[in-house]
Amino acid sequence: MVRDRKGSIMKKVLLGTTALAVASFVGAQQAKAQFEVTVGGYTEQKFGYASVDVDGNNGDFDGFDVKSDSEIHFKAAQTLENGLTFGFEVQLEAESNTGDQIDESFLFVQGSFGQLLVGSENTAGYKMTYAAPDVGFVNVNSGDQTNWQPFIGLNAGFFRRVFGTTFIELDGNNDAQRLTYFTPRWNGLQIGASYTPDSAQDNQSQFAETRDFKNGFDIGANYVNTFSGVDVAISGRYGIADDDSSSGAATVPGSPGDVDTDSPELWSVGLNLGYAGVTIGGSYAEADAQGVNTGRSYDAGISYETGPWGASFTYFHGEARGSLVNPGDDEQDSYQFSVTYAMGPGVLIEGNVTRSEFDDDGGIDEDVTYGLVGVKLSF
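The structure is reproduced here in structure tokens:
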């Protein structure tokens, strides 16, 4: 009887344990199922011809080329009973020449308080910037023109720097690990702020205080509204950080304001005005740091959209100061005319003609004229 009783008790324990395990599994699956997972992304394929003239170089750089840019985006989110939405997003590079296969990866929480982002993502000021309107996806205010010229002897500081764009980042760091907060939009006004411990992108074991670039703060704001049929968008931002790599260096000769490079700074403003399909606008950015990170840039443009058609003309100017050894300027002026046609949802065709003129502080000048046809598929 005793053995039977123990066996009965054991069976009950086993059955109870099994039931708990099943309940836990089902509960876990239900919890996971509450996250809505979506997949999106895009691909850009461009075919073009470039004519290149480089001072003092008799090489033949003219010719055709195909350029590509594609990403897949994975996003999961769920809204809790308290109204808060939790989620995360991972952007996978389909084509990368840097070895960094993941573009951006971050967690977000949003609700009536606004939105908080944690992870690898651009700063608040960058994301809130307005610049010259452009109907296409191949832009001169992005450094995209470097895909169509050999870049001989010229300043390499295009990406997220004033030589190539007004969408700049401190020290040119792009998707560093950071904290970012956006307020709700009040009567058209929204404010955002970011804190970047260091310039490291992706996860890494090195503590922030052991790195040269650290403690980056970025604040941005924009105002979006419509008055009597006129659409208005205004943006502004300011950023500052610590940079121990420049210790002992006083200032950069000729830099805007001759600011101490131990504390790199940036600021920018932008404006768009739109009415009846016509949009005009531009932006201005300035950075005080070291070498290619120091200088100014600005753009201006006009666009018109009607039905599936769009057209725009954009001008961009960028200049980067030299190093302490060679304080000369590198400058570029780019002009672009673009036409687009939306064949259907997520299918955009673009044709454009671009002229870029580069002046190198070392005396090597380069002029590039190129035209291309491209297709962008977005989903």
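Read in order, the letters of the sequence shown correspond to residues -28 to -1, 1 to 351 in mature numbering (1 follows the signal peptide of the UniProt record, and there is no 0). Here a beta-carbon is modelled for each residue, glycine too, at the ideal position from N, C-alpha and C.
For residue i and residue j, what's the separation of their Cα atoms in angstroms?
| i | j | result |
| --- | --- | --- |
| Phe309 | Leu243 | 20 angstroms |
| Met100 | Gly164 | 8 angstroms |
| Gly323 | Ser42 | 19 angstroms |
| Ser328 | Asp305 | 6 angstroms |
| Asp230 | Arg293 | Legend: pLDDT at Asp230 = 47, less than 50; position of this residue unreliable, no value from coordinates given. |
| Ser200 | Phe33 | 51 angstroms |
| Ser235 | Ala213 | 5 angstroms |
| Asn265 | Tyr153 | 26 angstroms |
| Phe139 | Val311 | 23 angstroms |
| Asn119 | Leu52 | 45 angstroms |
| Pro169 | Trp239 | 19 angstroms |
| Leu349 | Pro317 | 9 angstroms |
| Phe330 | His45 | 35 angstroms |
| Thr341 | Phe351 | 32 angstroms |
| Phe185 | Gly35 | 40 angstroms |
| Glu67 | Val325 | 25 angstroms |
| Asp271 | Asn54 | 44 angstroms |
| Tyr195 | Val38 | 39 angstroms |
| Leu344 | Tyr313 | 14 angstroms |
| Thr10 | Lys47 | 5 angstroms |
| Gln17 | Gly346 | 6 angstroms |
In terms of residue numbering, what span does the alpha helix (DSSP H) encompassing residue i cover?
| i | result |
| --- | --- |
| Gly97 | 96 to 99 |
So the beta strand (DSSP E) residue i belongs to, where does it begin and stop?
| i | result |
| --- | --- |
| Glu338 | 337 to 350 |
| Glu67 | No beta strand (DSSP E) contains Glu67, which DSSP labels as neither H nor E. |
| Trp239 | 237 to 247 |
| Val26 | 8 to 26 |
| Val250 | 250 to 260 |
| Asn197 | 185 to 199 |
| Asp234 | No beta strand (DSSP E) contains Asp234, which DSSP labels as neither H nor E. |
Check residue i in the structure and name its three-state DSSP category.
| i | result |
| --- | --- |
| Asp37 | strand |
| Gly144 | helix |
| Gly226 | In this prediction, Gly226 has a pLDDT of 44, which is less than 50 and means its spatial position is unreliable; what the coordinates show is noted afterwards. If DSSP states are grouped into helix, strand and coil, Gly226 belongs with coil. |
| Asp116 | helix |
| Ala111 | Note on identity: in this sequence residue 111 is Asn, with Ala being the wrong assignment. DSSP places Asn111 in coil when its eight states are reduced to three. |
| Lys(-17) | Confidence at Lys(-17) is low in this model, with a pLDDT of 42, below 50, so its placement is unreliable and no value can be given for it. |
| Asp216 | helix |
| Asn265 | helix |
| Asp332 | coil |
| Leu52 | coil |
| Ala172 | coil |
| Asn324 | strand |
| Tyr102 | coil |
| Ser284 | strand |
| Asp32 | coil |
| Glu93 | coil |
| Phe73 | Note that residue 73 is Gln in the sequence shown, not Phe. Residue state, collapsed to three classes: coil. |
| Arg157 | coil |
Buried or exposed: where does residue i fall if 16 or more other Cβ atoms within 10 Å of its Cβ makes it buried?
| i | result |
| --- | --- |
| Val112 | buried |
| Asp143 | buried |
| Leu89 | buried |
| Phe19 | exposed |
| Pro105 | buried |
| Asp216 | exposed |
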